[in-house]
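One structure below.
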Amino acid sequence: MKITGTDSGSQSWFRSANCDGYYGVALLASLGVILALCATGQRGREALCYERLALAQGQLWRLLSAHWVHLNLEHALLNGAGLTLLWVLMAREFPPRRWVGILLGSGLGIDAGLWFLRPGVEWYMGASGVLHGALAAGAAALYRRGEGLGAALLLLLVVKLIYEQHSGASVFVGDLPLVTDAHLFGALGGLAGALISARTPQHTSKPL
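Here's what the structure looks like:
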């Protein structure tokens, strides 16, 4: 009886942390990809980061891979911790299909914003911009449900973005180089992705 109760309590905890079943597998897989790419070292970073000249030469995979590769282990662990925290708080706020739309919208928002509006940015890498998009969409969903946490997170996000735009620095990254515009573009892209994915009809089978 004690063992059964322990198992049940453990399962309940994992579910409350959005780490049960496929959710847990998806989180571990995402963290594994980030760490695996970090292990590729300088060669991997140079091949996968957002690099303006390389993109102009047709290396379009960088528009996606740039959001997975990081400067160093510290950078990867910092963003991995941010991903885990957001996962615990928000993973079930949207179905997987909408999360894909949010993350794609955030990533494309960063890519387009840097390319068209910030031509002076020659290179960029890291998941923090996309995480800002996930935070913006998830916090907005919590707020619409009337949860105080959503309002607090939205306020924190807005204050953080304003501070970064004015100071060009962030209190969370230490001495790591920061492209503050990527956080702003990521947040806006995540909100846009949430709106677009919400209006995209799901395919349903016709009755026989």
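Under this note's numbering, residues 265 to 472 are what the sequence shown spells out, in order.
We put the beta carbon where it would ideally sit given N, CA and C, even for glycine.
Counting only runs of 4+ residues fully inside the region 344–419, write out the alpha helix (DSSP H) ranges in chain order.
Correct list: 360–376, 392–408.
Bridge-paired residues (DSSP) for E314
Note on residue identity: the sequence assigns Tyr, not Glu, to residue 314. Answer is Y388.
Please classify V394: is it buried, with 16 or more other beta-carbons within 10 angstroms of its beta-carbon, or exposed?
buried
Closest by C-alpha distance to L455, when choosing among R356, S280, I374:
I374
Mapping the DSSP letters down to three states, classify T444 as helix, strand or coil.
Under the three-state reduction of DSSP output, T444 falls in the helix class.
Report the residue from S461, H396, G450, F436 whose alpha carbon sits nearest the alpha carbon of L347.
H396
Could you compute how far the alpha carbon of A404 sits from the alpha carbon of F436?
22 Å
Which class does Q323 belong to by DSSP, given the choice of helix, strand or coil?
coil
Inter-residue Cα distance where the pair is L399 and N343:
13 Å
What residues in its chain sit with their C-beta under 7 Å from that of S294, if we drop five residues either side in the sequence?
L347
Residue burial classification, W332 (beta-carbon count within 10 angstroms, cutoff 16)
buried
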